[in-house]
Amino acid sequence: MREFSSPVKVEVAAESRLPDTLFARAREEPDAVAFRRQEDGQWRDVTCAQFRDDVSAVAKALIAAGIEHGDRVGLMSRTRYEWTVIDYAVWSVGGVTVPIYDSSSEEQISWILSDSGSRAVFAESDEHAARVEAVRGDLPELEHVWRIEGPAFGEFRQSGDGVGDSAVEERRTAGTADEAATLIYTSGTTGRPKGCELTHRNLLFTILNTVHGPLHEVFSIEGRSTLLFLPLAHSFARIIQVGCVESRTVMGHFPTTGPEVIDALGSFRPTFLLAMPRVFEKVYNKAEQKAVSEGRGRIFRAAADTAVAYSRALDSGRVPLALRLRHALFERLVYGKILAAVGGQARYSVSGGSALGDRLGHFFRGVGLTIIEGYGLTETSAPTSVNSPSANKIGTVGPPLPGVSHRIDEDGEVLVKGDHVMRGYWRNEQATREAFDSEGWYRTGDLGVLDEDGYLSITGRKKEIIVTAGGKNVAPAVIEDRLRGHAIVSQCMVVGDNRNFISALITVDPEAFEFWKKEKGKTGDIPDLVEDPDLVAAVQEAVDDANKAVSRAESVRKFTILPSDFSEEGGQMTPSLKVKRHVVAKQFSEEIDRLYSG
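Numbers 1 to 598, taken from UniProt numbering, label the letters of the sequence shown in order.
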């Protein structure tokens with residue numbers, strides 16, 4: 001199939017704006033819980049009226065500071081309640097929010113604030129503010145730097161005490177659906193980040209057709225809630241934030257994706273999760289390692305095989321009695337403990353960012369946590385396709401959202417059309433022209449196929465296609481995703497452009513390494529053991545498994561284990577955890593050359 005469209009479910013009216021729902025809810029159900037905030041280890045309810053009042057206070061302060069309709073306002077912070085308050089306050093005065101990852105360097109901050117022409121920026125901490133101040137001399141349009149932490153934020157809120165409610169209402173209702181709501185800068189795997197100009201219509205169209213379409217079951221559960229721990233600077237988390245407000249879903253914020261989030265999930269007890277595939281890989285690997293260390297490795301592997309078989313049987317429409325009995329046994333012995341680790345209430349999780357992997361998808365559905373994969377880009381307001389719980393084709397990213405069309409171009413590129421597609425790249429007409437074809441279809445840069453039901457499968461990146469010396473086209477994503485699913489592997493990058501065969505640079509997962517070291521009776525750190533025969537054999541096992549997914553010409557013939565993991569600090573990863581291929585190729589050029597010498 002070359003093209004598929006889904007009928008629209010919700011049209012966005014010309015006068016619709018993102019803050020409308022929060023103000024309407026505050027009037028209609030002021031005491032309903034909108035958020036939960038963590039204070040002194042406890043979760044405190046925030047009602048719709050309290051949220052409206054917090055947004056109004058910040059909006060009044062923005063008006064008092066001279067922020068005008070259409071002005072850009074930067075927001076550099078970890079995920080926290082104030083992030084959402086500021087975002088909605090900026091929208092309430094007709095402004096445009098410009099998110100900045102809290103990990104951004106001074107150079108990145110300077111580029112985003114200067115390119116967007118931001119008049120003000122919120123910085124979470126003194127350290128964040130210091131990074132802004134370090135480049136402020138290069139930002140003539142930047143007039144204000146406001147801190148979120150400490151007493152400064154309260155003082156900022158009080159600065160708007162002289163502004164009346166009517167001023168906020170006048171500004172809030174002055175805009176239209178087709179005005180810019182946010183500039184989200186792309187991760188910049190190549191070149192400087194570009195600002196994706198997303199409108200109120202883009203974001204509302206996307207989330208309303210998702211909530212009333214494929215994810216209706218997720219967003220209509222009684223007592224629904226989620227804990228947001230991915231960075232809100234990322235479009236994936238941002239659209240879920242809007243979705244929670246629009247669907248009356250209680251939302252909590254947590255500032256990190258680190259190990260502490262497990263305890264937070266345990267106390268918050270969300271009904272659904274939002275995460276990247278790497279999170280699920282780590283949950284699986286930790287559960288397996290724990291079972292092995294307690295002498296229950298055989299039981300865990302049997303339970304995992306049963307979960308996968310049970311999920312596959314669900315797809316066939318018939319679960320044999322013996323399999324049902326085995327599944328019920330492991331539900332008591334194993335699966336309940338895995339679900340308890342994320343609060344015990346979650347039955348769904350929305351996954352995006354990269355491919356999850358067929359086996360992992362079936363494992364978690366068999367355990368009782370259905371992972372719903374979707375696909376999209378910042379330019380498409382995050383999702384452009386997503387599976388649904390009741391029609392979940394594991395291994396695909398689902399059909400297009402309602403109101404969205406997908407087309408596969410002659411060269412296999414996925415093209416997209418719909419009201420979720422950005423207006424263009426901010427102040428970059430050339431890049432905008434190049435992003436669309438002559439019929440107005442957005443070029444995603446990804447390769448994919450559509451099945452007979454319109455379900456999309458992503459097979460690789462158009463620009464990342466490797467062409468070997470023998471002329472074989474290789475999409476690295478297939479084998480890289482499979483490799484990253486192995487416990488011992490953290491990151492990998494397939495190489496082989498203009499070479500005789502395919503090779504890989506592989507990094508070792510630090511947590512899995514410690515477990516492996518203990519099991520093998522080894523001493524030393526990763527750099528000391530990159531050539532250790534046992535470690536090489538463990539990685540070779542992962543490579544052999546990954547090679548099963550591709551043809552011989554596409555398989556990894558050689559690999560090298562790197563002494564350190566890819567990281568944002570090292571320049572190899574973007575804030576959204578994508579590998580910067582050109583940076584890795586340059587930094588490890590000698591290692592790559594050695595793979596092909598001799």
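Ideal placement from N, C-alpha and C gives every residue a C-beta, glycine not left out. Remember, it's a predicted structure, so these values are computed and weren't measured experimentally.
Length-filtered (4 minimum) alpha helix (DSSP H) runs lying within the segment 25 to 64
48 to 64
Exposure of Tyr-455, with buried meaning 16 or more beta-carbon neighbours within 10 Å:
With 16 or more Cβ atoms within 10 Å of its Cβ, Tyr-455 is classed as buried.
Supposed close pair Leu-447, Ala-181 - CB separation, criterion 8 Å:
Taking a contact as a CB-CB distance under 8 Å, the pair Leu-447 and Ala-181 does not count as one, their CB atoms being some 30 Å apart.
Taking Cβ positions only, does Pro-527 come closer than 7 Å to chain B?
Among the protein chains of the structure shown there is no chain B, as only one such chain exists.
Looking at C-beta atoms only, is the number of pairs between the segment 492 to 502 and the segment 581 to 596 that lie closer than 8 Å three or more?
Because the criterion of three Cβ pairs below 8 Å is met, the segment 492 to 502 and the segment 581 to 596 touch.
Using the DSSP secondary-structure output, state which residues sit across from Glu-379 in a beta bridge.
For Glu-379, which the question treats as bridged, DSSP gives no partner whatsoever.
In three-state terms, what does DSSP make of Ile-148?
coil
Please report how far the alpha carbon of Leu-203 lies from the alpha carbon of Val-292, in whole angstroms.
45 Å
Can you list, in chain order, the residues of its chain with a C-beta nearer than 7 Å to that of Lys-393? Leave out the 5 residues immediately preceding and following it.
Asn-387, Tyr-455
Consult DSSP for Asn-473 and reduce its assignment to one of helix, strand or coil.
strand
In whole angstroms, what is the alpha-carbon distance linking Phe-229 and Glu-82?
14 Å
From this set, Glu-541, Ser-564, Ala-309, Leu-595, which residue's C-alpha is nearest Ser-490's C-alpha?
Ser-564
Quick check on the burial criterion: 16 or more other C-beta atoms within 10 angstroms. Buried or exposed for Thr-378?
Per the 10 Å Cβ criterion, buried.
With DSSP run on the structure shown, which of helix, strand or coil describes Asp-446?
strand
Compute the distance between the beta-carbons of Pro-399 and Ser-110, then report whether it is under 7 Å.
no
Arg-433 to Tyr-185, Cα distance in whole Å?
17 Å
Whole-angstrom distance between Arg-594 and Gly-521, CA atom to CA atom
Gly-521 and Arg-594: Cα-Cα distance of roughly 30 Å.
Span separating the alpha-carbon of Arg-131 from that of Glu-28:
42 Å
Grab me the residues of Ala-553's own chain with a C-beta within less than 6 Å of its C-beta, minus the 5 sequence neighbours each way, in chain order.
Lys-472
Taking the CB atoms as reference points, tell me whether Thr-206 and Ser-385 lie closer together than 7 Å.
no
Could you tell me which residues DSSP pairs with Ser-235 in its beta bridges?
DSSP, once it has assigned bridges, lists no residue as partnering Ser-235.
Tell me Val-416's beta-bridge partners as DSSP assigns them.
In DSSP, Val-416 forms a bridge with His-406, Tyr-442.
For the pair the segment 64 to 83 and the segment 94 to 102, tell me if three or more CB-CB distances fall below 8 Å.
yes
Under the rule that 16 or more other beta-carbon atoms within 10 Å means buried, what is Glu-288, buried or exposed?
buried
Any beta strand (DSSP E) of 3 or more consecutive residues that is wholly inside the segment 232 to 286
250 to 253, 272 to 275
Excluding the five sequence neighbours on either side, which residues of its own chain have a C-beta within less than 8 Å of the C-beta of Thr-370, listed in chain order?
Its chain contains Arg-347, Tyr-348, Ser-349, Phe-364, Pro-389, Asn-392 as the residues whose beta carbon lies nearer than 8 Å to that of Thr-370, once the 5 sequence neighbours on both sides are disregarded; these appear in chain order.
Excluding the 5 residues preceding and the 5 following Phe-153 in the sequence, name in chain order all residues of the same chain whose CB lies nearer than 8 Å to its CB.
Hits under 8 Å: Glu-82, Trp-146, Arg-147.
Hey, out of Arg-278, Gly-223, Arg-157, Ala-504, whose CA is closest to Met-251's CA?
Gly-223
Counting pairs of beta carbons, one from the segment 415 to 435 and one from the segment 271 to 289, are three or more of them closer than 8 Å?
no
Report the three-state DSSP secondary structure of Phe-300 (helix, strand or coil).
helix
On a Cα-Cα basis, can you pick out the residue from Arg-359, Gly-295, Thr-507, Gln-50 that is closest to Ala-304?
Out of Arg-359, Gly-295, Thr-507, Gln-50, Arg-359 has the C-alpha closest to the C-alpha of Ala-304.
Through-space distance from Val-58 to Phe-236, alpha-carbon basis
25 Å
Which residues mark the beginning and the end of the beta strand (DSSP E) in which Arg-461 is found?
456 to 461
Tell me which residues share the same chain as Ser-114 and place their Cβ nearer than 6 Å to its Cβ, disregarding the 5 neighbours each side in the sequence.
For Ser-114, where only same-chain residues beyond five positions count, the Cβ hits under 6 Å are Leu-139.
Per DSSP, what kind of secondary structure is Ile-502 in: helix, strand or coil?
Note: Ile-502 maps to strand in three-state DSSP.
With which residues is Met-573 paired in a DSSP beta bridge?
Met-573 pairs with Val-579.
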